[in-house]
Structure formats: C-alpha cells, structure tokens
Amino acid sequence: MPELPLILQLALRNLWRNPRRTLTALASLMFATGVVTFLGAMNDGWLHGMRDNFILTFSGHWQVHGPRPMAVDRLDPRLIRAISPRTERDGLGSVGAAATGVRIVAIDPLHELAVSRLGSYQIDGHCLGELGEREVVLGRDVARTLNARMGSHVVLTAEGRSGELVSELFTVCAQLQTGAPQIDRRFAVIPLATARQWLGAEAEYQAIRMRPGAAPIEVETHLRAQLPPDSTLLGWAEIDPMVHQWLRFGEVYGLLVLGIVIALTVAQVSNTMILALYERVREFGLMEALGTRRGQLFALVSTEAAILVVAGGFGGWLLGALAVASSGAGIDFSTVSGAFRFFFMDPVIRPELTGWMAFKVGLALAVSALLGGLYPAWVAARLDPVEAMRWH
Numbered sequence: 199m200p201e202l203p204l205i206l207q208l209a210l211r212n213l214w215r216n217p218r219r220t221l222t223a224l225a226s227l228m229f230a231t232g233v234v235t236f237l238g239a240m241n242d243g244w245l246h247g248m249r250d251n252f253i254l255t256f257s258g259h260w261q262v263h264g265p266r267p268m269a270v271d272r273l274d275p276r277l278i279r280a281i282s283p284r285t286e287r288d289g290l291g292s293v294g295a296a297a298t299g300v301r302i303v304a305i306d307p308l309h310e311l312a313v314s315r316l317g318s319y320q321i322d323g324h325c326l327g328e329l330g331e332r333e334v335v336l337g338r339d340v341a342r343t344l345n346a347r348m349g350s351h352v353v354l355t356a357e358g359r360s361g362e363l364v365s366e367l368f369t370v371c372a373q374l375q376t377g378a379p380q381i382d383r384r385f386a387v388i389p390l391a392t393a394r395q396w397l398g399a400e401a402e403y404q405a406i407r408m409r410p411g412a413a414p415i416e417v418e419t420h421l422r423a424q425l426p427p428d429s430t431l432l433g434w435a436e437i438d439p440m441v442h443q444w445l446r447f448g449e450v451y452g453l454l455v456l457g458i459v460i461a462l463t464v465a466q467v468s469n470t471m472i473l474a475l476y477e478r479v480r481e482f483g484l485m486e487a488l489g490t491r492r493g494q495l496f497a498l499v500s501t502e503a504a505i506l507v508v509a510g511g512f513g514g515w516l517l518g519a520l521a522v523a524s525s526g527a528g529i530d531f532s533t534v535s536g537a538f539r540f541f542f543m544d545p546v547i548r549p550e551l552t553g554w555m556a557f558k559v560g561l562a563l564a565v566s567a568l569l570g571g572l573y574p575a576w577v578a579a580r581l582d583p584v585e586a587m588r589w590h
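Counting in our numbering, the sequence shown runs from 199 upward without gaps.
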C-alpha cells in the first residue's frame with residue numbers, strides 16, 4: 199500500500215502527542231508481557247522437569263510387556279540408548295519384629311543404570327550396578343520402618359512359582375532416596391537372576407530409554423516394528439496416567455495465564471485508544487472532510503494499537519527473558535514442594551524459555567492487538583464528518 203509509510207508516521211506522531219498516556223500504556227504492557235513470559239518459562243521448566251524425572255527415575259520412555267522379550271540386537275543404537283529387563287512382585291520385608299509391605303523389583307544390574315537414574319539416588323552405599331546374589335537396595339522409608347542399615351539382614355517374602363509363599367534372606371547394601379514416595383516407601387531392589395532362582399520369575403517387561411534428541415514418533419515406530427508377537431508397547435504417559443494428567447493440567451494453566459494476559463492487554467489498548475479517539479474526534483472529522491477515506495482512518499487507528507502492542511510486547515518479552523537468564527540456577531521451592539513429590543516434581547524449578555513459548559506469547563500479543571484496536575478503529579471509521587467537526 200502506497201500510503202503505509204505515511205500511516206506509520208501519523209500513528210507514531212499521534213501516539214507521542216500524549217507521551218504520559220502512551221508511556222503508561224507501554225509500561226503496563228511490558229509488565230504484563232514480562233510476567234507472562236517468566237511464568238510461562240517457569241511452567242515449562244516445571245513440566246519438563248516433572249516429565250524427565252518420572253521417565254528417568256525409573257519408568258523409562260517405553261516399556262515392552264509380553265511373554266517374549268524384544269531382541270536387543272535388532273534395535274537401532276542411534277535411537278535407543280539402553281534397554282533393561284525387570285520383574286516386579288508385591289511382598290513383605292521384615293527385620294526382627296518389624297515388618298512392612300514392599301514392592302520387590304528385580305533388575306539386571308549391568309543395564310539398569312543406563313536406563314534409569316536409580317544409581318544416582320543411592321545413599322549409605324553404592325552397589326546397585328553390581329548387586330550381589332543376596333543383596334538388596336531398600337527405599338529410604340522402607341529402611342527406616344525396618345530400622346535397617348547397611349549390612350543389616352532383611353527377610354523378603356513373596357509368592358513363588360506355584361503360588362506358595364517363599365522367603366529369602368538378603369543383606370542391605372544401599373538405600374534409595376529419590377524424593378518420590380512410591381519408590382522410597384516401597385522399593386526393595388534385588389538382582390533379576392536371584393528372582394529367577396527364588397521366585398521362578400522371568401522378566402515381565404523391558405524398560406527402554408531413547409537417545410537424547412531422538413524424535414519420539416520415530417523411536418515408537420521403530421519399536422513397534424520390532425515388537426514381538428503378543429507383546430504390548432506402553433509409552434510413559436500410559437505407564438502412569440496420573441503424571442500425564444498433571445502435565446496436561448500444567449499446560450492448561452499456561453493457556454489460562456495467556457488468556458488473562460490477552461484480556462488485560464485488550465483492556466489496556468482499548469482504553470488508551472478510546473481516550474485518544476475522543477480527544478481527536480474533530481481531527482478525524484476534518485480528515486474525512488479533506489478526503490481521507492474511512493478505510494485509511496481504520497488503518498491509522500489499528501496501526502497505533504499495533505505499535506503499542508508490538509513495542510510493549512517486545513520490551514516485556516526482553517524483560518521476561520532477562521528474568522529467566524538471571525534465574526539460571528533455578529528457584530528453590532523445597533519448603534512447599536513436599537505435597538508434589540508424588541508427581542516427581544523437582545523442588546528446584548529451572549525456567550526454560552522455549553521457542554514454542556515465545557510463539558504463544560507472540561500469538562497472544564497479535565490477538566490482543568487485533569481485539570484491542572478493532573473497536574476504536576471501527577468507531578473512528580464510522581464518524582460522520584459534519585457531526586465530528588461539531589464535537590466539543
């Protein structure tokens with residue numbers, strides 16, 4: 199459009215005619231955009247941390263359940279980092295007169311540490327990667343309940359091959375302190391070879407960890423192509439739907455915050471533009487009388503609103519990005535995170551400013567500019583020149 203540069207010049211001049219109001223509107227927009235950018239980065243950091251903690255603490259990205267194991271030598275090492283067989287049984291752990299229910303988890307010590315982070319959560323010993331035949335790693339709360347320490351003897355009881363209860367004596371060689379109650383309060387980890395001899399239990403499933411940077415869809419397609427007959431492939435969201443629901447809740451929360459910011463931005467822009475409109479009614483009437491088309495008036499007022507939103511939004515995004523950069527070490531919520539440990543929430547949230555978040559903020563600002571400037575621009579374009587020039 200040939201008149202676009204002139205419209206830009208007029209829009210900038212009109213905004214600067216009342217610098218106090220314009221600067222106040224810009225400050226409000228910058229604050230709102232900065233806050234939503236920082237909150238969005240915190241929300242993304244929280245969600246990504248929760249997802250990674252759940253996947254890498256124990257579950258894995260995928261699990262293969264079935265009577266036949268997946269052939270490891272047929273997996274693409276560019277997509278799959280590690281795979282480890284496991285079996286799990288409910289049982290009873292006892293030391294003397296103390297007893298508690300446990301989840302007996304049998305692992306392959308040679309491969310488990312490449313799939314999960316369990317090894318990094320060991321305290322009072324580090325034996326998970328080389329578990330002896332009669333050694334056990336207890337969850338921290340299980341050990342406290344049983345008053346068991348490194349070197350203590352624990353009797354584990356579970357259902358055997360024929361349905362009878364069988365017991366075995368194990369020596370505690372380490373404890374697990376993950377912060378996740380479902381692990382710390384329940385787990386008793388033993389070697390898979392011992393579970394075969396003691397319970398007659400073969401591996402019930404294989405936990406799989408993909409390579410960093412691999413495309414999940416590509417990995418899943420590859421795994422399904424190698425899936426043995428009568429086996430089931432479960433993604434991390436199917437393994438524990440509750441965690442997935444919490445992640446979805448976090449995404450909805452982020453959209454809600456964006457919606458609030460859009461509403462505030464629309465209100466601020468509309469208020470600024472309507473006040474400016476009533477101060478310039480006679481001016482608009484004179485412009486129409488001199489030949490300015492209504493479409494040009496509409497474009498002029500819309501451009502002023504767009505300039506406000508773009509300038510305020512970009513400045514606010516920079517402020518939000520600066521706040522994210524200054525909190526690189528994370529924000530510690532240890533004092534209030536106890537209730538969320540069940541969902542693998544990291545007590546230290548590290549904000550992440552992603553490209554997707556920047557796109558959502560930009561889209562919200564574009565919608566705000568459209569909605570905030572639409573009504574004032576429509577009013578300006580509908581003015582009658584004669585009545586407008588008589589406006590007091």
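Virtual Cβ for every residue (Gly too), placed ideally from N, Cα, C.
Of the listed residues the options, nearest to residue i (C-alpha basis)
i: F531; options: M543, E333, D242 and Y573; result: M543
i: G299; options: T355, G349 and M268; result: T355
i: T369; options: G232, L336 and L432; result: L336
i: R492; options: P267, W260, D582 and G411; result: D582
i: G560; options: G457, G526, V499 and R315; result: G457
i: L397; options: S365, G377 and R446; result: S365
i: E477; options: R287, T222 and P574; result: P574
i: V508; options: L224, W214, N212 and P203; result: L224
i: L311; options: S350, G258, E357 and D288; result: G258
i: R394; options: N469, R215, E357 and E481; result: E357
Whether residue i touches residue j by CB criterion (8 Å)
i: H420; j: D271; result: no
i: L495; j: A579; result: yes
i: G247; j: I437; result: no
i: L290; j: A297; result: yes
i: W260; j: I388; result: no
i: E286; j: P307; result: no
i: L344; j: V293; result: yes
i: L432; j: H263; result: yes
i: M471; j: G571; result: yes
i: Q664; j: A372; result: Past the edges of the chain, shown from 199 to 590, lies residue 664, and the structure says nothing about it.
i: L551; j: R249; result: no
i: L213; j: T222; result: no
i: S226; j: Q466; result: yes
Extent of the continuous alpha helix (DSSP H) run through residue i
i: R446; result: P439 to E477
i: S524; result: R492 to S524
i: I415; result: P414 to A423
i: H246; result: P217 to F252
i: Y319; result: Note, Y319: premise wrong, no alpha helix (DSSP H); not H, not E.
i: G560; result: G553 to A579
i: A296; result: Segment A296 to I305 is the beta strand (DSSP E) holding A296; no alpha helix (DSSP H) there.
i: D382; result: P379 to D382
Host beta strand (DSSP E) of residue i (start-end)
i: D339; result: No beta strand (DSSP E) contains D339, which is instead part of the alpha helix (DSSP H) from R338 to L344.
i: F385; result: F385 to P389
i: S282; result: I278 to V293
i: Q373; result: L363 to L374
i: V262; result: W260 to H263
i: M408; result: Y403 to M408
i: E357; result: H351 to E357
i: G433; result: T430 to G433
Close-in-space but distant-in-sequence residues of the same chain around residue i (CB under 7 Å, 5 per side omitted)
i: F236; result: G518, A521, V522 and P549
i: N241; result: G448, Y451 and G452
i: A230; result: V459, L462, T463 and G514
i: L498; result: I205, L208 and A209
i: D382; result: G337, R338, D339, L374, Q375 and T376
i: A435; result: H442
i: A401; result: P267, P283, R284, T285 and L390
i: H324; result: A372
Beta-carbon proximity list for residue i, same chain, < 8 Å, skipping 5 on both sides
i: P200; result: In this prediction, P200 has a pLDDT of 49, which is less than 50 and means its spatial position is unreliable; what the coordinates show is noted afterwards. So no residue of the chain qualifies.
i: V352; result: G291, S292, V293, V334, L336, L344, A346, L367, F368, T369, V370 and A386
i: V455; result: V234, L237, G238 and N241
i: E585; result: G483
i: Q424; result: M268, A269, R272 and L273
6 Å Cβ shell around residue i - same chain, five flanking residues per side excluded
i: T392; result: E331
i: A474; result: none
i: I529; result: I547
Supposed close pair residue i, residue j - CB separation, criterion 8 Å
i: R284; j: Y403; result: 6 Å
i: L254; j: R315; result: 5 Å
i: A527; j: L390; result: So it is not a contact: roughly 39 Å between Cβ atoms.
i: F252; j: V441; result: 5 Å
i: E416; j: L277; result: 7 Å
i: G411; j: M228; result: Going by Cβ atoms, the distance from G411 to M228 rounds to 35 Å, so no, they are not a contact pair.
i: R301; j: D288; result: 6 Å
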